[in-house]
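Our numbering puts the first residue of the sequence shown at 42, with every later residue one more than the last.
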Amino acid sequence: MLSFSLTKHPAMVLAPGAAQALGQHVTDTVGVRARVLVVCDPVMVDLGHAERVQGIMEGAGHQAHVFSDLKSDPLESSVDAAITMAHENEVNCVVGLGGGSAMDTAKVVAALAHLGTGCAAYRLAAEQLPFRQTALIAMPTTAGTGSETTGTSIISQANGTKNWFWGPPLKPDLALMDPELTMGLPPFWTFFTGMDAIVHSIESRTNRYHNVENDVLAERGLSEGMAHLERAVKDGSDIEARAGMMRAAAYGGLAIANTGCAVGHNIGHALGSLAGVPHGRAVSIALVHTLGWAWQGQKEAFDRVATLCGVQGPEALAERLLTLAKACGQNLVLSAEEKAKLTVDDLATDMLADANLAMLESTARDVVAGDVERLAESVLAA
């Protein structure tokens, strides 16, 4: 008998114009006259999305505050400032609006808002997160991280070290997905956030913790991503493609919530910490150039992934992803400037750091002496 374990899913709504119903969703989740904190990045303010969301909630009778003092790879200091704002205003609902950084921040803020304490003690689950007493709604404006459906967040220390935070309190109550919010995303970010979603599904489907029930989620995410990414990049106004990529991200997030990631994310996080390589770009580069090695640990699962991508074998799958990147006007190799910040030894050391090691151990192929260095070299030599 095959066994499996699936985590609780958030409620999910996906529809063009879904953002207009946010006020009613807050009422349904918290009640009337809610006190809401919208957590977003400055781009959401510049684009007018933050003001629009604030207006929607105030129109529904809720009190809304906006916190936007954060950037890509959010720092603990920004998260703590948002927690303080939430606590002082006695909010009972947090809305994460933006990409993965905004949602990762919002999730930790919602978990700690009632306490008003900093987040550092909860790095790598050193302390268990408290039971969340504040409602949490995620509204993604990119399609990639899947943060709207996961119970994890990635927050950086002041020195750039990325740390995982995880636990049931970080799982949103509702993922409210409006593809219209992604239509202004430039091609570069559309492609690499989309590739993040595809990597999530591939790694969930092929790592050592995959199971037949969760495979359904991973395969759906991969199929949606491969079907819609190029279209979304080439025509940002293609609402069907944008919606398809939101499905890819959501299903990929659901999948990794049950199995975790693998070596692509292990190396990708190291590339981000050491050289500032954007997350989606880092993990997709790492995946493509370690496929041949990882394949040997889970051949049947990788064969299935290749079939879903219309090819057979590790070389053909790598070439399929490289060709997809080229068709979208991008590439999956590190730049000379990025390589200049990296050495094989430094990359290998970071791959074995506590914050990254679990992703390496999730990979179906066992790591033996010399593998980490060879994997680091394969990424830097590409």
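All C-beta atoms, glycine included, are put in the ideal place defined by N, C-alpha and C.
Distance check for Thr70 and Gly305, CA to CA, integer angstroms please. Position 264 of the sequence shown, counted from the first residue, corresponds to residue 305. Position 29 of the sequence shown, counted from the first residue, corresponds to residue 70. The C-alpha of Gly305 lies about 37 Å from the C-alpha of Thr70.
Distance CB(His90)-CB(Thr182) smaller than 8 Å: In the sequence shown, counting from the first residue as 1, residue 90 sits at position 49. In the sequence shown, counting from the first residue as 1, residue 182 sits at position 141. In this structure, Thr182 lies closer than 8 Å to His90 by Cβ.
Give, in chain order, every unbroken run of the alpha helix (DSSP H) that is at least 4 residues long and sits entirely within the region 50 to 104. Fully contained in the region 50 to 104 are the following alpha helix (DSSP H) runs of length 4 or more, in chain order: 63 to 70, 83 to 87, 90 to 100.
Near Cys160, which residues of its chain fall below 8 Å by C-beta distance, leaving aside the five closest residues on each side in sequence? By 1-based counting over the sequence shown, the position of residue 160 is 119. Taken in chain order, the residues that qualify are Glu117, Val120, Asp121, Ile124, Val149, Leu153, Ile196, Phe206.
Hey, out of Arg173, Asp386, Asp395, whose CA is closest to Thr202's CA? Sequence index remark: in the sequence shown, residue 202 carries index 161 (1-based). Minimum Cα distance to Thr202 is reached at Asp395.
Is it the case that the Cβ atoms of Ala298 and Thr191 are separated by a distance below 8 Å? Here the question's residue 298 lines up with position 257 in the sequence shown. Here the question's residue 191 lines up with position 150 in the sequence shown. Taking 8 Å as the Cβ cut-off, Ala298 and Thr191 qualify as a contacting pair.
Should Ser242 and Leu226 be called a contact, given that it needs their Cβ atoms to be closer than 8 Å? Taking the first residue of the sequence shown as position 1, residue 242 is located at position 201. Taking the first residue of the sequence shown as position 1, residue 226 is located at position 185. The Cβ atoms of Ser242 and Leu226 do not sit closer than 8 Å to each other.
Quick one: Cα of Ala284 to Cα of Met144, how far? Within the sequence shown, the letter at position 243 stands for residue 284. Within the sequence shown, the letter at position 103 stands for residue 144. So the alpha carbons of these two residues sit roughly 19 Å apart.
Compare the Cα-Cα distances from His50 to each of Asn252, Trp230, Ala238, Leu215 and report the closest residue. Taking the sequence shown and counting its residues from 1, the one referred to as residue 50 is at position 9. For the residues Asn252, Trp230, Ala238, Leu215, the minimum Cα distance to His50 belongs to Leu215.
Along the chain, where does the alpha helix (DSSP H) containing Ala162 start, and where does it finish? The sequence position of residue 162 within the sequence shown is 121, counting from 1. If you look at Ala162, you'll find it isn't in any alpha helix (DSSP H); DSSP assigns it neither H nor E.
Under the criterion of a Cβ to heavy atom distance below 7 Å, does Ala161 qualify as lining the ligand FMN? By its list of ligands, the structure shown contains no ligand whatsoever, and the ligand FMN lies outside what it can speak to.
What do you get for Thr186, buried or exposed, if any count of 16 or more other CB atoms within 10 angstroms of its CB means buried? Position 145 of the sequence shown, counted from the start, is the residue given in the question as residue 186. Buried, by the Cβ-count rule.
Please classify Arg74 as buried or exposed, where buried requires at least 16 other C-beta atoms within 10 Å of its C-beta. Looking up residue 74 in the sequence shown gives position 33. Counting Cβ neighbours within 10 Å, Arg74 comes out exposed, since fewer than 16 surround it.
Excluding the 5 residues preceding and the 5 following Ser142 in the sequence, name in chain order all residues of the same chain whose CB lies nearer than 6 Å to its CB. Taking the sequence shown and counting its residues from 1, one reaches residue 142 at position 101. Here Ser142 has Ser113, Pro115 as same chain residues with Cβ atoms under 6 Å from its own Cβ, once five neighbours each way along the sequence are excluded.
How about Met286 and Ala238: are their beta carbons less than 8 Å apart? Here residue 286 is taken as the residue at index 245 of the sequence shown, counted from 1. Here residue 238 is taken as the residue at index 197 of the sequence shown, counted from 1. For the 8 Å CB-CB criterion, Met286 and Ala238 form a contact.
Please classify Ala303: does DSSP put it in a helix, a strand, or coil? For the purposes of this step, residue 303 is taken as residue 262 along the sequence shown, with counting starting at 1. Coil.
For Thr234, count the other beta carbons within 10 Å of its own beta carbon; 16 or more makes it buried, fewer makes it exposed. Which is it? One-based indexing of the sequence shown puts residue 234 at position 193. Around the beta-carbon of Thr234, 16 or more other beta-carbon atoms lie within 10 Å, marking it buried.
Straight-line Cα distance separating Gly157 from Leu170: Within the sequence shown, numbered from 1, the residue matching residue 170 stands at position 129. Within the sequence shown, numbered from 1, the residue matching residue 157 stands at position 116. One C-alpha to the other measures close to 13 Å.
Let's see if you can read the secondary structure: which residues bound the beta strand (DSSP E) around Ser194? Sequence index remark: in the sequence shown, residue 194 carries index 153 (1-based). Per DSSP, Ser194 belongs to the beta strand (DSSP E) from 193 to 197.
When DSSP labels each residue in this structure, what does Lys380 get in the three-state scheme? Against the sequence shown, residue 380 aligns to sequence position 339. Note: Lys380 maps to helix in three-state DSSP.
For Arg406, count neighbouring Cβ atoms within 10 angstroms of its own Cβ and tell me buried if that reaches 16, exposed if not. Within the sequence shown, residue 406 is the residue found at index 365, counting from 1. Buried, because 16 or more other Cβ atoms sit within 10 Å of the Cβ of Arg406.
Taking Ser109 as the reference, give the member of Leu222, Glu168, Asp82 with the closest Cα. In the sequence shown, residue 109 corresponds to position 68, counting from 1. Nearest of Leu222, Glu168, Asp82 to Ser109, Cα basis: Asp82.
Per DSSP, what kind of secondary structure is Phe172 in: helix, strand or coil? Within the sequence shown, residue 172 is the residue found at index 131, counting from 1. Phe172 falls in the coil class under three-state DSSP.
Hey, how far is the Cα of Ile97 from the Cα of Tyr292? Indexing the sequence shown from 1 puts residue 97 at position 56. Indexing the sequence shown from 1 puts residue 292 at position 251. Spanning the two alpha carbons is a distance of roughly 28 Å.
One question on the structure: do Cys350 and Met267 come within less than 8 Å of each other, judged by their Cβ atoms? The residue labelled residue 350 in the question sits at position 309 within the sequence shown. The residue labelled residue 267 in the question sits at position 226 within the sequence shown. In this structure, Cys350 places its C-beta atom within 8 Å of the C-beta atom of Met267.
Exposed unless 16 or more other CB atoms sit within 10 angstroms - verdict on Met42: On the sequence shown, position 1 is the one that residue 42 refers to. With a pLDDT of only 41 at Met42, under 50, the local geometry of the prediction cannot be trusted, and the value read off the model is given with reservation. The residue in question, Met42, is exposed, as its Cβ has fewer than 16 Cβ neighbours within 10 Å.
Is the Cβ-Cβ distance between Leu362 and Leu375 less than 8 Å? Locating residue 362 in the sequence shown gives position 321, where the first residue counts as 1. Locating residue 375 in the sequence shown gives position 334, where the first residue counts as 1. Leu362 places its beta carbon 8 Å or farther from that of Leu375.
Ordered along the chain, which non-local residues of its own chain (more than five positions away) have a Cβ less than 6 Å from that of Arg261? Here the question's residue 261 lines up with position 220 in the sequence shown. Excluding sequence neighbours, Arg261 sits near Tyr292.
Beta-carbon proximity of Val77 to His103, cut-off 8 Å: Residue mapping note: residue 77 aligns to position 36 of the sequence shown, counting from 1. Residue mapping note: residue 103 aligns to position 62 of the sequence shown, counting from 1. Against a cut-off of 8 Å, the Cβ pair of His103 and Val77 comes out as a contact.
Report the CB separation of Ile178 from Val84 in whole angstroms; it is logged as a contact under 8 Å. In the sequence shown, residue 178 corresponds to position 137, counting from 1. In the sequence shown, residue 84 corresponds to position 43, counting from 1. Not really, about 19 Å apart at Cβ, beyond 8 Å.
Determine the DSSP secondary structure at Tyr250, reduced to helix, strand or coil. Indexing the sequence shown from 1 puts residue 250 at position 209. Coil.
Using beta-carbon positions only, say whether Ala359 and Leu388 come within less than 8 Å of one another. For the purposes of this step, residue 359 is taken as the residue at position 318 of the sequence shown. For the purposes of this step, residue 388 is taken as the residue at position 347 of the sequence shown. No. Outside cutoff.
Since Asp219 and Ala60 should fall inside the 8 Å C-beta cutoff, what is the C-beta to C-beta distance between them, to a whole number of angstroms? What you label residue 219 is simply residue 178 of the sequence shown in a count that begins at 1. What you label residue 60 is simply residue 19 of the sequence shown in a count that begins at 1. Right, their Cβ atoms sit about 4 Å apart.
What does a CB cutoff of less than 7 Å around Ala342 pick up in its chain, not counting 5 residues either side in sequence? Reading the sequence shown from its first residue, position 301 is the one you call residue 342. Close CB contacts of Ala342 within its chain, under the 7 Å cut and outside five residues either way in sequence, are with Arg246, Thr247, His251 (chain order).
Of the listed residues Gly317, Met224, Ala296, Gly313, nearest to Val274 (C-alpha basis): Taking the first residue of the sequence shown as 1, we reach residue 274 at position 233. Nearest to Val274 by C-alpha distance, out of Gly317, Met224, Ala296, Gly313, is Met224.
Whole-angstrom Cβ separation of Ala347 and Ala335, contact assumed at under 8 Å? Start at 1 with the first residue of the sequence shown, and residue 347 comes out as number 306. Start at 1 with the first residue of the sequence shown, and residue 335 comes out as number 294. Ala335 and Ala347 do not touch by the CB rule: their CB atoms are close to 13 Å apart, not below 8 Å.
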